[in-house]
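Trainee:
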Ligand code: SF4
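In my numbering, the protein residues as written are 70 to 399.
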């Protein structure tokens with residue numbers, strides 16, 4: 070997966086670093102002072118991640134937790150996301166990371182205690198706040214290496230009024246299964262109907278593998294949620310989403326979901342030009358997008374509303390309650 074490792078000098082004796090390095094005994098390790106002396110210093114084409122991906126082990130400086138935009142999460146509490154990594158091993162064609170950073174190289178941050186200290190400060194003011202992992206990277210894909218889940222579970226066990234969301238497309242649930250499920254820690258899976266997942270969710274586990282992982286976690290007592298986002302409204306999207314809800318119902322996965330978000334695909338101009346360069350044959354280019362007033366490239370508002378309402382109604386018909394459903398980023 071990786072071609073070399075960059076390690077910050079201050080982390081040389083960190084126990085998690087020893088664990089990670091042991092998994093890659095033949096990789097060259099470059100010791101540096103700070104990751105951003107090297108990471109992203111020169112533009113590296115996104116698709117070079119396929120043959121030349123570096124792993125940076127670092128400490129995040131500056132703001133570790135950020136307030137999430139409106140309509141990011143479920144419910145009326147305050148929502149924050151925290152930054153545990155930059156970039157991702159998967160390759161979804163619509164991923165905004167391809168236009169966000171100047172490099173696809175992966176950074177894993179290991180200063181989780183500092184993130185938790187910031188969470189503690191926020192909870193003094195906002196005791197019911199939500200904290201989301203997975204904004205700049207998948208939250209489970211490397212969790213067997215990075216080892217931070219137990220740190221967060223311990224913290225949220227002692228703060229039962231606050232919430233943690235782990236957003237993922239991964240089926241790497243080994244580290245999770247070793248932990249005691251908590252009702253305030255929600256593992257949320259991003260799902261697309263098989264037709265779309267096979268075309269645009271490159272390198273990710275298949276839909277059936279994700280559903281299997283969800284069923285396993287559910288049977289162990291983990292609290293789950295789903296993101297139906299981004300919806301790509303191909304001509305017969307309704308039948309594909311009906312099929313997806315049927316598969317979820319067949320596995321008894323709908324009734325206990327904490328929430329289901331529904332959102333349509335959207336891009337900044339930078340990301341769209343990367344999508345054109347990286348995936349010129351993508352089904353995304355057959356879509357009728359417009360540049361909206363907020364400068365985002367997305368479906369025209371009436372069609373967006375139609376798509377969102379169609380999937381919302383399908384969810385209700387499949388047995389979801391209204392209070393489980395929300396529109397994301399609308
Ligand atoms: S799983 Fe998420 S972060 Fe990773 S490539 Fe796909 S959209 Fe991007």
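Backbone N, C-alpha and C fix where the C-beta goes; we use that ideal spot for every residue, glycine too.
1) Please list the terminal residues of the continuous beta strand (DSSP E) segment that includes residue 127.
2) Candidates 223, 233 and 380: which alpha carbon is nearest residue 208's?
3) Say the cut is 7 angstroms; is the CB of residue 400 nearer than that to a heavy atom of the ligand SF4?
4) Could you tell me the distance, in whole angstroms, from the CA atom of residue 108 to the CA atom of residue 175?
5) Quick one: is the Cβ of residue 164 within less than 7 angstroms of any heavy atom of the ligand SF4?
6) Report the rounded CA-to-CA distance for residue 112 versus residue 334, giving the unit in angstroms.
7) Considering only heavy atoms of the ligand SF4, does any lie closer than 7 angstroms to the CB of residue 113?
8) Whole angstroms are fine: how far does the CA of residue 227 sit from the CA of residue 341?
9) Could you tell me whether any non-hydrogen atom of the ligand SF4 is closer than 7 angstroms to the CB of residue 285?
10) Residue 74 lies in the beta strand (DSSP E); which residues open and close that run?
11) Give the DSSP-derived three-state secondary structure of residue 250 in the structure shown.
12) Excluding the five sequence neighbours on either side, which residues of its own chain have a C-beta within less than 6 angstroms of the C-beta of residue 124, listed in chain order?
13) Taking 7 angstroms as the cut-off, is the C-beta of residue 238 nearer than that to any heavy atom in the ligand NAD?
14) Hey, is residue 273 close to the ligand SF4, as in C-beta under 7 angstroms from one of its heavy atoms?
15) Tell me where the alpha helix (DSSP H) around residue 214 begins and ends.
16) Where in the stretch 288-313 do unbroken runs of the alpha helix (DSSP H), each at least 4 residues long, occur, reported from the N-terminal end onward?
17) Tell me which residue opens and which closes the beta strand (DSSP E) that residue 134 is part of.
18) Any idea if residue 269 is buried or exposed, counting beta-carbon neighbours within 10 angstroms, 16 or more meaning buried?
19) With a threshold of 6 angstroms on Cβ separation, who are the neighbours of residue 184 within its own chain once the five nearest residues in sequence on each side are excluded?
20) According to DSSP, is residue 331 helix, strand or coil?
21) Within the same chain, show all residues whose beta-carbon is closer than 8 angstroms to that of residue 167, passing over the 5 residues directly before and after it, in chain order.
Mentor: In short, the structure shows the following:
1) On the chain shown, residue 127 is found 58 positions in, with the first residue counted as 1. It spans 123-127 - the beta strand (DSSP E) in which residue 127 sits, taken as one unbroken run.
2) Counting from one through the chain shown, the residue named residue 208 turns up at place 139. Of all alpha-carbon atoms in 223, 233 and 380, the one lying nearest the alpha-carbon of residue 208 is that of 233.
3) Summary: the structure shown does not reach residue 400, with the chain confined to residues 70 through 399, and so no result is reported for it.
4) Position 39 of the chain shown, counted from the first residue, corresponds to residue 108. Position 106 of the chain shown, counted from the first residue, corresponds to residue 175. Computed Cα separation, rounded: 9 angstroms.
5) For the purposes of this step, residue 164 is taken as residue 95 along the chain shown, with counting starting at 1. True, at least one ligand heavy atom lies under 7 angstroms from that Cβ.
6) Looking up residue 112 in the chain shown gives position 43. Looking up residue 334 in the chain shown gives position 265. Taking the straight line joining both Cα atoms gives about 26 angstroms.
7) As a working mapping, residue 113 is identified with position 44 in the chain shown. No, the beta carbon of residue 113 sits no closer than 7 angstroms to any heavy atom of the ligand SF4.
8) Along the chain shown, read from residue 1 onward, the residue named residue 341 stands at position 272. Along the chain shown, read from residue 1 onward, the residue named residue 227 stands at position 158. Taking the straight line from one Cα to the other gives about 43 angstroms.
9) Taking the first residue of the chain shown as position 1, residue 285 is located at position 216. Flag unset: Cβ of residue 285 not near the ligand SF4.
10) Walking along the chain shown from the start, residue 74 turns up at place 5. In the DSSP annotation of this structure, the continuous segment of the beta strand (DSSP E) that includes residue 74 starts and ends at 73-77.
11) What you label residue 250 is simply residue 181 of the chain shown in a count that begins at 1. Looking at residue 250 - three-state DSSP - the assignment turns out to be coil, as it is neither helix nor strand.
12) Translated into the one-based positions of the chain shown, residue 124 becomes position 55. For residue 124, where only same-chain residues beyond five positions count, the Cβ hits under 6 angstroms are 71, 74 and 175.
13) Although the ligand NAD was asked about, the structure shown includes only the ligand SF4 as ligands.
14) For the purposes of this step, residue 273 is taken as the residue at position 204 of the chain shown. Checking every heavy atom of the ligand SF4 against the Cβ of residue 273, one is found closer than 7 angstroms.
15) Within the chain shown, residue 214 is the residue found at index 145, counting from 1. Under the DSSP assignment, residue 214 falls in the alpha helix (DSSP H) whose first and last residues are 212-215.
16) none
17) Numbered from 1 along the chain shown, position 65 holds the residue referred to as residue 134. Its beta strand (DSSP E) spans residues 134-136.
18) Counting from one through the chain shown, the residue named residue 269 turns up at place 200. With 16 or more Cβ atoms within 10 Å of its Cβ, residue 269 is classed as buried.
19) Counted from its first residue, the chain shown places residue 184 at position 115. Once the five neighbours on either side are set aside, the close Cβ partners of residue 184 are 133 and 151.
20) For this step, residue 331 is matched to residue 262 along the chain shown. Strand, per DSSP.
21) Translated into positions along the chain shown, residue 167 becomes position 98. Closer than 8 angstroms at Cβ, skipping near neighbours: 115, 173, 340, 343, 344 and 347.
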